[in-house]
Amino acid sequence: MRTKGFFHKLSYCQYPLMGIALFFMFKPYFTDLETIWENYNNALIFMGLSISFSTLQDTTKTQNKFSRKIWENPRKGKVGLVPIGLMALFFIITGLYGIYISASEILEQVSFGMFVLGIGILGMLKAAMEMFENHRLDRKI
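Mapped onto my numbering, the consecutive letters of the sequence shown carry residue numbers 1472 to 1612.
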């Protein structure tokens, strides 16, 4: 239980990481627009890290009533998992394409960030699947 509590507390690192991502999103508008894609790449990296840290939270508890309604309902839960999986797949494939195949300079500049974000979303998919299994009303006795 102590380890679980430690990781739950560690999940709160998601907030400063998302703040750093927001910083990089807006930085080019206040400094130099020529570095916009580099800054967006950094923002995507920190968003992926933030989402990865958010998956360390306790999946036996829901954060609010809205998410509880989704994960308790078998149909809504399955529908909710699909877009998360598609987003992870999109960002991972696009990131890998940009790293290894693309001739587009812009895509090359943001591809690593997209790949990291995809991995973060993949972790979120795993956490969402655990929440779905923990909260489904049709499987509770």
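All residues carry an ideal CB built from backbone N, CA and C; glycine is no exception.
Q. When the Cα of Y1511 is compared with those of S1523, F1603, F1561, G1584, which residue comes out closest?
A. With distances taken between Cα atoms, Y1511 lies closest to G1584.
**Q.** Beta carbon of Q1580 nearer than 7 Å to that of S1525
**A.** In this structure, S1525 does not lie closer than 7 Å to Q1580 by Cβ.
Q.
What does the alpha-carbon distance come out to for the pair R1546 and R1607?
A. Cα to Cα, the separation comes out at about 10 Å.
Q) Mind checking whether I1522 and G1591 have CB atoms under 7 Å apart? A) The Cβ atoms of I1522 and G1591 sit closer than 7 Å to each other.
Q: Measure the alpha-carbon distance for W1542 versus M1595 and round it to whole angstroms.
A: So the two alpha carbons sit approximately 14 Å from each other.
Q. How long is the line joining the alpha carbons of L1560 and V1553, rounded to whole angstroms?
A. Computed Cα separation, rounded: 11 Å.
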